[in-house]
Amino acid sequence: MNIPEILVANGTGAVLVCFLLLLRVRGESKNSVETALFCRILVVTLLAQATETISFLLDGVPGAASRFWLYLTNTVCTGATVCVGYAWCLYVDFRVYRSIGRLRRRHLLLGAPLLALLVLLVANLFGTGWIFSISADNVYHRGPLNILLYLLLFGYYAESVWQVHKAKHDGVTVEFFPVYYFVVTCAVGTLLQGAFYGMAFGWLSVAIAFVLVDSQTRSLRGYTDELSGLFGRKYMNYCLDRIHATQEKDVYGIMMDVNCFKEINDTYGHAEGDRAIQEIGHILSGALVANSVAIRMSGDEFMVLIRHGSEEILNKICAAIEQRVQRYNAAAPAGSFQLSFSTGVAKYEGGSVEKFLVELDERMYAEKRAFHAARNGHAVPEQGNAPSISE
Numbered sequence: 005m006n007i008p009e010i011l012v013a014n015g016t017g018a019v020l021v022c023f024l025l026l027l028r029v030r031g032e033s034k035n036s037v038e039t040a041l042f043c044r045i046l047v048v049t050l051l052a053q054a055t056e057t058i059s060f061l062l063d064g065v066p067g068a069a070s071r072f073w074l075y076l077t078n079t080v081c082t083g084a085t086v087c088v089g090y091a092w093c094l095y096v097d098f099r100v101y102r103s104i105g106r107l108r109r110r111h112l113l114l115g116a117p118l119l120a121l122l123v124l125l126v127a128n129l130f131g132t133g134w135i136f137s138i139s140a141d142n143v144y145h146r147g148p149l150n151i152l153l154y155l156l157l158f159g160y161y162a163e164s165v166w167q168v169h170k171a172k173h174d175g176v177t178v179e180f181f182p183v184y185y186f187v188v189t190c191a192v193g194t195l196l197q198g199a200f201y202g203m204a205f206g207w208l209s210v211a212i213a214f215v216l217v218d219s220q221t222r223s224l225r226g227y228t229d230e231l232s233g234l235f236g237r238k239y240m241n242y243c244l245d246r247i248h249a250t251q252e253k254d255v256y257g258i259m260m261d262v263n264c265f266k267e268i269n270d271t272y273g274h275a276e277g278d279r280a281i282q283e284i285g286h287i288l289s290g291a292l293v294a295n296s297v298a299i300r301m302s303g304d305e306f307m308v309l310i311r312h313g314s315e316e317i318l319n320k321i322c323a324a325i326e327q328r329v330q331r332y333n334a335a336a337p338a339g340s341f342q343l344s345f346s347t348g349v350a351k352y353e354g355g356s357v358e359k360f361l362v363e364l365d366e367r368m369y370a371e372k373r374a375f376h377a378a379r380n381g382h383a384v385p386e387q388g389n390a391p392s393i394s395e
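First residue of the sequence shown: 5, per the numbering used here; consecutive thereafter.
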C-alpha cells in the first residue's frame, strides 16, 4: 500500500473540496436549495476522504483500538460513497426541474435502496462480513456483498443521466448541464479504485468532478437570467449564430411582450414586478416541448425558440402558454396583478437571422397596438391571438 500516494491524493482532493465549499458559502445565497444540496455533498465527500485516509493508515496495525477504528472508518467511508451518488441524483433533479415538491417525493424513492445498504452496513459492524471484514491481523477484506456498493453507486449515476435525457425529451431547458462531467470522472475513479485496492483514485476523482461541475455551472450562469430562471439574450444570440451558420430549417420563434408591465410596477411595486417575471418564467418553462427553449430577451420581452419544429408544435406551445396564463390569472389572489402577452410568431426561412427577428418584432408590436386600441373601447383580443406565420 502506497501511503504517500494516498496522503497526496486525498489531501489534494480535500483542498479542492474545501475551496469549493468556501466559494459556495461566501459567494452564494445560504437559503438556496441548490447551494445547500451542493454543500452537503461536499461535506460528505470531505468526511469520506478523511475516514478513508485513516482506514488506510490503520490497515494492518495490530491492536483492539485499531480494529475498532478500522470498522468505524470503513463503514463511514462506504456509506458516504453511496450517499454522494444519492445526493448527486437529488441535486440533478432540482437543477433540472427546480421543484421542491418533486424533490421531496423523489428523495424517498431514491433513498429506499440507500437505506437498505445502510442497514447492511450496520449489520456488518457486528461481524457479518457481508460488505467487508477485518481479519485477525487487522487487514481489510471485501465481503461477498461488496459488489452491491458498486451496483447501487452506478445505478445512481445512470439515474442522473436518465433524468437529464428525459427532461430534454420533455422540453425542459437543460443544455450545458454537466452531468457527464461528474458521472464519467467519478466512474473512472471508482473503477480504478475497485481494480487496484490501496490506491486512492476514488475520492480524488469525486473532488475533480465537482470542480468540473462548479466550473461549468459558473460558466452557464453567463447564459441564464437569474430572475426568471430562463436563458438570457446571450444564449439567444448563441442559438441564432448556430442556426445561421448551419442555415438550419424548421426553426420557429414566438416573441412576447408583457402587456402593461409598467402598470404592474407602478401599481404593485417593483417587488411584485419581479414576481411577475418569475411567474412568467414558470409559465413559459412549463409550456415547452422537446427542442424548444424559453428566453428572457430583456425587461418584459421574452422569446420561445423552436428548432426542428412544425406549425403543429408552434400552435401547441402557443396554446399551452395561453392555458397556463389563464390558469395563473384564475388562481391569482383578488387585487393581484393579471398577466397577458402581445405575441408575434414567425418561421426562419434561411439567410439573415436579423430579418427573422425583425419579422417577429413587427408581428408582436402589431398585436401590441391592437391590444392598446382595444383598451380604448374595442373588444379585447384573446390572449395568444398572434398573426399566423402564413399571413
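Glycine is no exception: its CB is placed at the ideal position from the N, C-alpha and C atoms. Keep in mind it's a predicted model, so treat the numbers as computed, not measured.
Inset, instruction - Find the nearest neighbour of A323 within the set G236, G226, A370, G290, judged by alpha-carbon distance. - result: Here residue 323 refers to the residue found at position 319 of the sequence shown. It is G290.
Legend entry - Contact between the region 200-218 and the region 271-281 (3+ Cβ pairs under 8 angstroms): no
Inset, instruction - Could you name the residues that DSSP lists as bridge partners for F345? - result: Here residue 345 refers to the residue found at position 341 of the sequence shown. BP columns for F345 point to V262.
Inset, instruction - Since I believe I135 is in contact with L122 (beta carbons under 8 angstroms), could you give me their beta-carbon distance rounded to a whole number of angstroms? - result: As a position in the sequence shown, residue 122 is number 118, starting the count at 1. As a position in the sequence shown, residue 135 is number 131, starting the count at 1. About 10 angstroms; that fails the 8 angstroms criterion.
Inset, instruction - List in chain order: all unbroken alpha helix (DSSP H) runs of 4+ residues lying wholly within the region 230-311. - result: As summarised for the region 230-311, the continuous alpha helix (DSSP H) elements at least 4 residues long and confined to that stretch are 237-250, 265-272, 274-291, given in chain order.
Inset, instruction - Write down the C-beta distance between I4 and I321 rounded to the nearest angstrom, noting that I regard them as a contact closer than 8 angstroms. - result: Residue 4 lies beyond the stretch modelled for the chain, which goes from 5 to 395, so this question has no answer here.
Legend entry - Element boundaries [beta strand (DSSP E), containing I138]: The count along the sequence shown starts at 1 and reaches residue 138 at position 134. Per DSSP, I138 belongs to the beta strand (DSSP E) from 136-138.
Inset, instruction - Have a look at L94, T189, G83, A377 and flag the residue whose alpha-carbon is nearest the alpha-carbon of L152. - result: In the sequence shown, residue 152 corresponds to position 148, counting from 1. Ranking L94, T189, G83, A377 by Cα distance to L152 puts G83 first.
Legend entry - Other residues of its chain near G313: CB distance less than 6 angstroms, five sequence neighbours each side excluded: Along the sequence shown, read from residue 1 onward, the residue named residue 313 stands at position 309. So the list reads D254, Y256, once near-sequence residues are dropped.
Inset, instruction - Can you check DSSP and say which residues form a bridge with A350? - result: Here residue 350 refers to the residue found at position 346 of the sequence shown. Looking at the DSSP assignment, A350 forms a beta bridge with G257.
Legend entry - Collapsed DSSP secondary structure at T228 in the structure displayed: Translated into the one-based positions of the sequence shown, residue 228 becomes position 224. Here T228 sits in strand by DSSP.
Inset, instruction - Tell me whether S392 sits in a helix, a strand or coil according to DSSP, three-state version. - result: Taking the first residue of the sequence shown as 1, we reach residue 392 at position 388. Annotation note: pLDDT 47 at S392 (below 50); position unreliable, coordinate value reported separately. S392 falls in the coil class under three-state DSSP.
Inset, instruction - Using only alpha-carbon positions, find the residue among G303, M260, L41 that is nearest to N269. - result: Position 265 of the sequence shown, counting from 1, holds the residue named residue 269. Closest option to N269, Cα to Cα, is G303.
Legend entry - Limits of the unbroken alpha helix (DSSP H) element including N78: Position 74 of the sequence shown, counted from the start, is the residue given in the question as residue 78. Run containing N78: 68-101, per the alpha helix (DSSP H) assignment.
Inset, instruction - Tell me where the alpha helix (DSSP H) around P182 begins and ends. - result: Against the sequence shown, residue 182 aligns to sequence position 178. Counting along the chain, P182 falls outside any alpha helix (DSSP H), and DSSP gives it neither H nor E.
Legend entry - Delimiting residues of the alpha helix (DSSP H) encompassing G105: Indexing the sequence shown from 1 puts residue 105 at position 101. Start and end: 104-128.
Legend entry - Rounded separation between Y160 and Y154 - CA only: Position 156 of the sequence shown, counting from 1, holds the residue named residue 160. Position 150 of the sequence shown, counting from 1, holds the residue named residue 154. Each residue's Cα considered, the two are about 10 angstroms apart.
Inset, instruction - Counting only the same chain and skipping the five closest in sequence on each side, list residues whose C-beta sits under 8 angstroms from that of L156. - result: Residue 156 sits at position 152 when you count from the first residue of the sequence shown. Same-chain partners within the cutoff: V86, G89, P117, L118, L121.
Legend entry - Residue from I45, V126, A370 with nearest C-alpha to V96: On the sequence shown, position 92 is the one that residue 96 refers to. Checking every option, the nearest Cα to that of V96 belongs to I45.
Inset, instruction - Give the single residue among R300, R222, W207 whose Cα lies nearest to the Cα of Q282. - result: Position 278 of the sequence shown holds residue 282. Out of R300, R222, W207, R300 has the C-alpha closest to the C-alpha of Q282.
Legend entry - At least three beta-carbon pairs within less than 8 angstroms, the region 179-191 to the region 206-223: yes
Inset, instruction - Taking 7 angstroms as the cut-off, decide whether the C-beta atoms of A213 and T189 are in contact. - result: Along the sequence shown, read from residue 1 onward, the residue named residue 213 stands at position 209. Along the sequence shown, read from residue 1 onward, the residue named residue 189 stands at position 185. Going by C-beta atoms, A213 is nearer than 7 angstroms to T189.
Inset, instruction - Per DSSP, which residues does H145 bridge with? Please list them. - result: Along the sequence shown, read from residue 1 onward, the residue named residue 145 stands at position 141. According to DSSP, H145 bridges with S137.
Inset, instruction - Report the three-state DSSP secondary structure of G313 (helix, strand or coil). - result: Position 309 of the sequence shown, counted from the first residue, corresponds to residue 313. Looking at G313 - three-state DSSP - the assignment turns out to be coil, as it is neither helix nor strand.
Inset, instruction - Count the other CB atoms, across all protein chains shown, that sit within 10 Å of the CB of K351; report buried if there are 16 or more and exposed otherwise. - result: Here residue 351 corresponds to residue number 347 of the sequence shown, with the count starting at 1. By the neighbour-count rule (16 or more Cβ atoms within 10 Å), K351 is buried.
Inset, instruction - Indicate whether F306 and M260 have their beta-carbon atoms separated by less than 7 angstroms. - result: Locating residue 306 in the sequence shown gives position 302, counting from the first residue. Locating residue 260 in the sequence shown gives position 256, counting from the first residue. Yes. Within cutoff.
Inset, instruction - Return the CA-CA distance between I284 and S232, expressed in angstroms with no decimal places. - result: As a position in the sequence shown, residue 284 is number 280, starting the count at 1. As a position in the sequence shown, residue 232 is number 228, starting the count at 1. For I284 and S232, the distance between alpha carbons rounds to 7 angstroms.
Legend entry - Distance between I287 and L51 (C-alpha atoms, nearest Å): Along the sequence shown, read from residue 1 onward, the residue named residue 51 stands at position 47. Along the sequence shown, read from residue 1 onward, the residue named residue 287 stands at position 283. So the two alpha carbons sit approximately 41 angstroms from each other.
Inset, instruction - Consult DSSP for D63 and reduce its assignment to one of helix, strand or coil. - result: Locating residue 63 in the sequence shown gives position 59, counting from the first residue. Residue state, collapsed to three classes: coil.
Inset, instruction - State buried or exposed for S103, treating a residue as buried only when at least 16 other CB atoms are found within 10 Å of its CB. - result: Numbered from its first residue, the sequence shown carries residue 103 at position 99. Its Cβ having fewer than 16 others within 10 Å, S103 is exposed.
Legend entry - Proximity to L27 [Cα-Cα], best of Y239, V12, N6, T221: As a first step, residue 27 must be located in the sequence shown, where it is residue number 23. With distances taken between Cα atoms, L27 lies closest to T221.
Legend entry - Residues near A191 in its chain [Cβ-Cβ closer than 8 angstroms; skip 5 each side]: Taking the sequence shown and counting its residues from 1, one reaches residue 191 at position 187. If we look at A191 and ignore the five residues flanking it on each side, its Cβ neighbours are F158, Y161.
Inset, instruction - On a CA-only basis, which of L129, F235, Q167, G133 is nearest L94? Give me that one, please. - result: Looking up residue 94 in the sequence shown gives position 90. Cα-wise, what sits closest to L94 is Q167.
Inset, instruction - State the Cα-Cα distance for the pair L343 and R379, rounded to the nearest angstrom. - result: Numbered from 1 along the sequence shown, position 339 holds the residue referred to as residue 343. Numbered from 1 along the sequence shown, position 375 holds the residue referred to as residue 379. Approximately 15 angstroms, taken between the alpha carbons.
Legend entry - Which of helix, strand or coil DSSP assigns to P8: As a first step, residue 8 is located in the sequence shown; it is residue number 4 there, counting from the start. Reduced to three states, the DSSP call for P8 is helix.
Legend entry - Residues near Q53 by beta carbon distance below 8 angstroms, same chain, minus five either side: Within the sequence shown, numbered from 1, the residue matching residue 53 stands at position 49. So the qualifying residues of the chain are N14, G17, A18, V21, W207, A211.
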